[in-house]
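As you go down the protein sequences, you meet chains Y and B in turn. The numbering of the first sequence is the numbering used here, which starts it at 15 and goes up by one. The numbering of the second sequence is the numbering used here, which starts it at 3 and goes up by one. We treat Cβ as the ideally placed atom computed from N, Cα and C, and that holds for glycine. These numbers were taken from a predicted model, which means no experiment stands behind them. So the structure is just underneath, and the comments pick up after that.
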Amino acid sequence: MKAVRLNRFSGAMIAIAVLAIGAAVFFFFDLSRSQHASRNTYAEAIRGLDIIGDLQFQAQEARRTLLYALATTDSNLQVQYADQSRAAEALVSQRLAEYGSLAFGERGRAAPKKLARDWTAYLAVRDELIAAMLEGDPKAAVAIDLERGVPAFNALRADLETTKDQFKLNAERLLKEVDASFQRSRLRMLLMFGMLAVLGALAAVNARLRKKSAEAGAAREASEQNFRQIFEEAPIGMAVVGLDERFIQVNAALCEMVGYSAEELTGRTPLDITHPDDIALSKALPQAMLSGSAPSIVEKRYIRKNGDVIWATRTGCVIHDQTGAPRHFLIMVEDITERKNNAVALQKAKEEAETANNAKSEFLSRMSHELRTPLNAILGFGQLIERQNPTEAQQTRIKYILNAGRHLLDLINEVLDISRIEMGRMQLSLEPVCVAHALRETLDLIRPVAANHSVELCPLDDFDETVHVLADRQRLRQILLNLVTNAVKYNRLGGSVSLSCTLSGQDKVQLAVSDTGPGIAADKLPRLFTPFDRLGAEQTDIQGTGLGLALCQRLVKEMGGSVAVNSTVGEGSIFWVELSRTASPLEALATRKTPPAMEWKEEFTHASPRTVLYIEDNLSNVTLIEQILETKPHIELMTAIQGTVGLDLARQHLPDLILLDLHLPDLPGWEVLRQLQENEATRHIPVVVISADATARQIERLMAAGARTYLTKPVDVENFCRVLDEVTRSVAGGTHHNGRESGESSEKLAAATVD
Amino acid sequence: MKPRIWIVAFFIAGLALSIAPRAHGQGALAVIVNKNNPIENVTLDELRKYCLQERKHWADNKRVTVVLREPGQAEREAVLQLIYQMSESDFNRYFLQGEFTGEVQGVPKHLSSATGVSRFVFNVPGAIGFARASDVDSSVKVLRVNGYAPGDPRYPLQFPNG
């Protein structure tokens, strides 16, 4: 198209160039003619002025010599002067003839004619005068001259002036005309040269464009050749589809894919070979491609000529012409039937595996619960029999029963925990836990076991009591117990176990358990945290479930930490748990500007004594509350680290306020609350729940169960004091003694707490 | 010897050629008048009357003005001898007397050159002059005398010395 335009343009250019050259030649000759005419006109003007000047001069000369002749009486001189006069007159006549031949005379013919007439008249007078003079009659000659010669000459002179003026006018006019003509010709010539220059420039541009067009054409040809080759030899199906959605061109791969020949496909539409279920999707694609909203890749089904259904990814783009208007669609189709089948099979297998895994977890969970019930009877009655003075043989058998039962119970508990974690049902209460306390508790618990195995527990260093980690206190103790128990169980006789705590960076704490056991081979380390894989220990007498480390790893992960091991065969192993460090709850109290006690001291100095029961197993929290209430002399604090103990204390002492943690080692907090509410004696005691679980569902559940208010850990001291104040005031108002509360006060407390 | 003969012969031939034309007309005394003068032929007698101012006007009524060369010139002597048939002194006396008596009003003009004579005749319509036939140009008219033009052997006005 572009080449055709260029050819047309070139043809027009050539025609214009020929015309322009013709016009230039014409204008050149016109300019030459004008220049020649101008030059001639100037020459004639000069010549005319020269003639007129000479005419005037010669007339004066003729007149002068005639007067000379009149002034003398010598006939010889008279003849000579007469001849000179005649010679001058002859020149005048000659000039007159020349003047008459000038082109300037055209419009001024009247003046030269009069001049000629007057000249002739003057000559006649002159002849008469000369004759009279030569005849020897000077008086007659002078008389003739005065009477007719002088007027005739004056007339002649006037004629000459008139002629001269007329000539000048004509000359100026003609000169202007020829000058204007010349200027016009020159302007036309310049215009023509300008036009030729423009044409030359256009021709140069045209030549350049043609060259570029030729280069572009060659490049386009090469590009098209490449495209054709790519199109034909592409391993995926490719097709050029018209805007009417009919195939224009298809490659061999597509033909092979759908089983049609190129001739069979040409003229058909992609919808003709599309699976019926995908036709709606396919119908919308062309318009979506034109609007640019089509998805980059579409998966759809095609029906082969033999009826088989194939899956394919279909990508496409719009091919535009030079003006940017859409011309064709280029569609690329890749057969993904095999991949699709594999993906479907994989998905199915995955779903089956997940179903099986869930079923397993569900099964284990249910089985664990079901197993615990008979196990409770086995262990309980076993222990009863043990207390009924059995014989030595019976003691041995009872010991086997109890050991086997406890082992089975541990196994069930651990299986249950793993199952909960995997099912996402494990609920952890993350709160600041004092590392020193946790380690000390662990050592105290494991000490008898270590003594039985003749393993030395290294004394604890002076742990920093302020170091706290964010963890579930019970689960952390479980983890540490598990690690230390393993360190004792798998240790050598007379070996040792040590615990340590180090800071890792600014926000991590590492708790390490080192032993002097046989160590673990490097090739076995990757299997260390695999459930039920005891790395060959099942061949020994050492009892174990194979679930401890797996459970530890999952618990630590649930708490946002990590567990790792470093072991050397023959020297021992080091297991460490890394958890996030957090601030001690006591730090908030220490950094408080004004001790709350100072504010309350005066207010409660004369208040009646109050009793507060705090059921909490976390010693850090207990210490915190103790320090907060230390300066409240009217409040007596009782603590219980187990739920059952707490319930007993509540029944015995009927405290004015109960602070309740939800994660207790023996009973869940909500169970403690339920029992308090069921008991007539304790129902009226306000209960403030203090928990790390800040979910709205949990808060609603506890508030509905009868909690007065709900405080979240870490405890905000000011908020705690305010709540304590509110509750104790309401208690002072006597609401709880009659078992009824002020609804207003209750609402106020709940609002303050949630804030 | 031969070259000298040729040189002498060449010289003689050139001399002969230079002399030959004078034998026919170059010795004639031409009577010239203004070209506007209608007269073509004049008799010797009429010519003498014009010269002596016995006839003062031409046929076209132009006044007759005679122009001659100055004394001592061949043309003047030929005119005095052939036409006036007077000596120089007779000539002067005739016209002095005529002027004095008023019988003669047009005394002949005297010019110093033949060209002057011709130019005078050219300028004056009624002028009549005399010149060697060989000196006459086309500006004037040469009259036949007695019906013969100069050059004709029968032309009556020939210079006395041939």
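Go through its chain and collect everything with a Cβ distance to residue i's Cβ below 7 Å, but skip five positions before and after it.
i, result
"H59 of chain B", "R65 and V66"
"A276 of chain Y", "V264 and C269"
"A248 of chain Y", "N265 and A267"
"I649 of chain Y", "R624, V626 and L643"
"V483 of chain Y", "V447, V449, V523, L593, S594, R595 and T596"
"L497 of chain Y", "V527, C566 and F589"
"L459 of chain Y", "L495"
"N693 of chain Y", "R665"
Among the candidates the options, whose CA atom is the shortest distance from the CA of residue i?
i, options, result
"S187 of chain Y", "Y:S52, Y:D431 and Y:L484", "First, the amino acid is wrong: residue 187 of chain Y is Arg here, not Ser. Among Y:S52, Y:D431 and Y:L484, the Cα nearest to that of R187 of chain Y belongs to Y:S52."
"Y150 of chain B", "B:P40, B:Q160 and B:L82", "B:Q160"
"T544 of chain Y", "Y:G574, Y:Q557, Y:C566 and Y:G396", "Y:C566"
"V741 of chain Y", "Y:R624, Y:K364 and Y:N632", "Y:R624"
"E397 of chain Y", "Y:D159, Y:G150, Y:R200 and Y:R420", "Going by the sequence as given, residue 397 of chain Y is Gln instead of Glu. It is Y:R420 whose Cα lies nearest to the Cα of Q397 of chain Y."
"S598 of chain Y", "Y:V729, Y:E592 and Y:I460", "Y:V729"
"S634 of chain Y", "Y:I35, Y:A221 and Y:L600", "Y:L600"
"R372 of chain Y", "Y:T327, Y:K362, Y:R434 and Y:I350", "Position check: residue 372 of chain Y holds Asn in this sequence, whereas Arg was assumed. Checking every option, the nearest Cα to that of N372 of chain Y belongs to Y:R434."
"R489 of chain Y", "Y:L674, Y:R568, Y:D88 and Y:A370", "Y:R568"
"E58 of chain Y", "Y:L148, Y:L189, Y:N90 and Y:S99", "Y:L189"
"I28 of chain Y", "Y:L81, Y:L216, Y:N184 and Y:E103", "Y:L216"
"P700 of chain Y", "Y:D707, Y:N693, Y:A721 and Y:R688", "Y:A721"
"L98 of chain B", "B:L54, B:A32 and B:G74", "B:L54"
"L393 of chain Y", "Y:R380, Y:N403, Y:N417 and Y:P404", "Y:N417"
"F13 of chain Y", "Y:L344, Y:F181 and Y:L170", "This structure leaves residue 13 of chain Y out entirely; chain Y is present only between 15 and 769."
"R715 of chain Y", "Y:E685, Y:E694 and Y:K727", "Y:E685"
"A135 of chain Y", "Y:M203, Y:P300 and Y:D159", "Y:D159"
"V39 of chain Y", "Y:T283, Y:M203 and Y:V323", "Y:M203"
Could you name the residues of chain Y that residue i contacts, counting a contact when the two beta carbons are closer than 8 Å?
i, result
"H112 of chain B", "S89"
Which residues in the same chain have their Cβ closer than 8 Å to the Cβ of residue i, if we skip the five residues on either side of it in sequence?
i, result
"D424 of chain Y", "T559"
"L201 of chain Y", "none"
"Q83 of chain B", "P162"
"A766 of chain Y", "Residue confidence for A766 of chain Y is low, a pLDDT of 40 falling below 50, so the modelled location carries little weight; the figure read from the coordinates is stated next. Excluding residues within five positions, the ones whose Cβ falls inside 8 Å are T723, N733, R736, V737 and E740."
"S181 of chain B", "Outside the shown range of chain B (3 to 164) lies residue 181 of chain B, about which nothing can therefore be said."
"D291 of chain Y", "R315"
Which chain B residues sit within Cβ distance under 8 Å of residue i?
i, result
"V93 of chain Y", "L113, G118, R121, F122 and N125"
"D132 of chain Y", "Those within 8 Å of D132 of chain Y in chain B number zero; the least Cβ separation is about 21 Å."
For residue i, go through chain Y and note every residue whose CB falls closer than 7 Å to its CB, in chain order.
i, result
"R65 of chain B", "E149"
Which chain B residues sit within Cβ distance under 7 Å of residue i?
i, result
"A166 of chain Y", "What A166 of chain Y touches in chain B: nothing, since even the nearest Cβ is about 18 Å away."
"I144 of chain Y", "N125"
Suppose the cutoff is 6 Å on Cβ atoms and the five residues either side in sequence are ignored; what does the same chain contact list for residue i look like?
i, result
"V32 of chain Y", "none"
"L19 of chain B", "For L19 of chain B, the predicted model reports a pLDDT of 42, less than 50, meaning its position is unreliable and no value from the coordinates is stated."
"V583 of chain Y", "G533 and A535"
"D662 of chain Y", "none"
"L105 of chain Y", "Q72"
"L676 of chain Y", "G683 and S705"
"R57 of chain B", "K51"
"S512 of chain Y", "C472 and S528"
"S114 of chain B", "E72"
"A116 of chain B", "A133 and D137"
Mind listing the chain D neighbours of residue i? Cutoff is C-beta to C-beta under 8 Å, in chain order.
i, result
"A96 of chain Y", "In the displayed structure, chain D is absent; the protein chains listed are Y and B."
Could you name each continuous alpha helix (DSSP H) segment of 4 residues or more that falls completely within the segment 537-579 of chain Y, going from the start of the chain to the end?
Every alpha helix (DSSP H) stretch that sits fully inside the segment 537-579 of chain Y and reaches 4 residues is listed by chain position as 562-572.
Contained beta strand (DSSP E) runs [length at least 3] in the segment 401-486 of chain Y, N- to C-terminal order:
444-448 and 482-486
Which runs of the alpha helix (DSSP H) fall wholly inside the segment 139-195 of chain Y and span at least 4 residues, in chain order?
152-158
Runs of alpha helix (DSSP H) lying entirely within the segment 68-107 of chain B, each at least 4 residues, in chain order
76-81 and 90-103
Length at least 3, wholly inside the segment 296-383 of chain Y: the beta strand (DSSP E) runs in chain order:
Taking 3 residues as the shortest admissible run, the segment 296-383 of chain Y contains the following complete beta strand (DSSP E) segments, listed from N- to C-terminal end: 312-317, 323-334 and 340-349.
Complete beta strand (DSSP E) runs within the segment 659-687 of chain Y (minimum length 3 residues, chain order):
671-675
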